[in-house]
Structures are given as structure tokens and as C-alpha cells.
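Enquirer: Residue numbers (the numbering used here): 1052 to 1178.
C-beta atoms are modelled at their ideal positions from N, C-alpha and C, and glycine is treated no differently.
This structure is a prediction, so every number in the text was calculated from the model and none was measured.
Following this message is one structure expressed as C-alpha cells.
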């Protein structure tokens, strides 16, 4: 059962990051509090490429998570670090000065959801 849940979690994340790739590339949004003033064609294109790569990696690992267990562990550590970074970035960036004060809540949401997702992955790989 945990293996099936793990595969589902990996595929859901792959879909999320695939959609995120398209969203960032075209300057669209997934969040209701998106502010188009923060769209940067160069940076959002870079994010788009990373999201596409991550999506492909997640799909590959989802096919046989235990064959790619070492990669899966790196993915989990990566999600934890990225989530913590999302939470810490709110102390570094003044979103109000950027003209997008609602971005702070989006950043907090991304961090918390990422940590919860990481916990789910950890649960699935523990015996």
C-alpha cells in the first residue's frame, strides 16, 4: 500500500511541476493571489525549465521508486531544503516594497505544503 501511495505522490508532484512549468513560462498563475508585477521573462523561463526537469525526474522515479531509492532520497532532501528556503525567504524579501504583498502568503503556503509533502514521502519509504 505504501508503494502505491508513494507512486501517487510522485506522480501528483510531477503533474504539479509540469503545470508549474507552463505557468511560469507564460506568466500565468496557480494561486489566486498571484501578482503579475513579479513576472520576469528570464527568471520565470529558468524556473519553467527547472520545473520541467523535476517533473521528468519525478515520473522516472515513480515508475520504480525502490530501484531509484538513492535518487528518491535526494528528491526528499531537496524538497525539504526548498521548502525551508521558501519559509526563510519571507524574512529576506519585502514583498510590499515589490508591490506584491500577497506573495508573502503564497511563499509561506508553498513552504508548508512542501514540508508536508516531504513528510508524506518519508512516511512512504519507511518500513
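Identify, in the order they occur along the chain, each residue of the same chain with its Cβ nearer than 6 Å to the Cβ of residue 1110, setting aside the five sequence neighbours on each side.
Expert: Start at 1 with the first residue of the chain shown, and residue 1110 comes out as number 59. Cβ within range, chain order: 1065.
Enquirer: Considering only their Cβ atoms, is the gap separating residue 1112 from residue 1103 smaller than 8 Å?
Expert: Counting from 1 along the chain shown, the entry for residue 1103 is found at position 52. Counting from 1 along the chain shown, the entry for residue 1112 is found at position 61. Going by C-beta atoms, residue 1103 is not nearer than 8 Å to residue 1112.
Enquirer: Just to confirm the assignment, what range does the alpha helix (DSSP H) spanning residue 1091 have?
Expert: In the chain shown, the residue the question calls residue 1091 occupies position 40. Here residue 1091 belongs to no alpha helix (DSSP H), and DSSP marks it neither H nor E.
Enquirer: Rounded to whole angstroms, how far is the Cβ of residue 1138 from the Cβ of residue 1162, which I believe are closer than 8 Å?
Expert: Position 87 of the chain shown, counted from the start, is the residue given in the question as residue 1138. Position 111 of the chain shown, counted from the start, is the residue given in the question as residue 1162. Rounded, the Cβ-Cβ distance is 4 Å, consistent with contact.
Enquirer: Return the CA-CA distance between residue 1166 and residue 1054, expressed in angstroms with no decimal places.
Expert: Taking the first residue of the chain shown as position 1, residue 1166 is located at position 115. Taking the first residue of the chain shown as position 1, residue 1054 is located at position 3. About 20 Å.
Enquirer: Under three-state DSSP, which class holds residue 1148?
Expert: Position 97 of the chain shown, counting from 1, holds the residue named residue 1148. Looking at residue 1148 - three-state DSSP - the assignment turns out to be coil, as it is neither helix nor strand.
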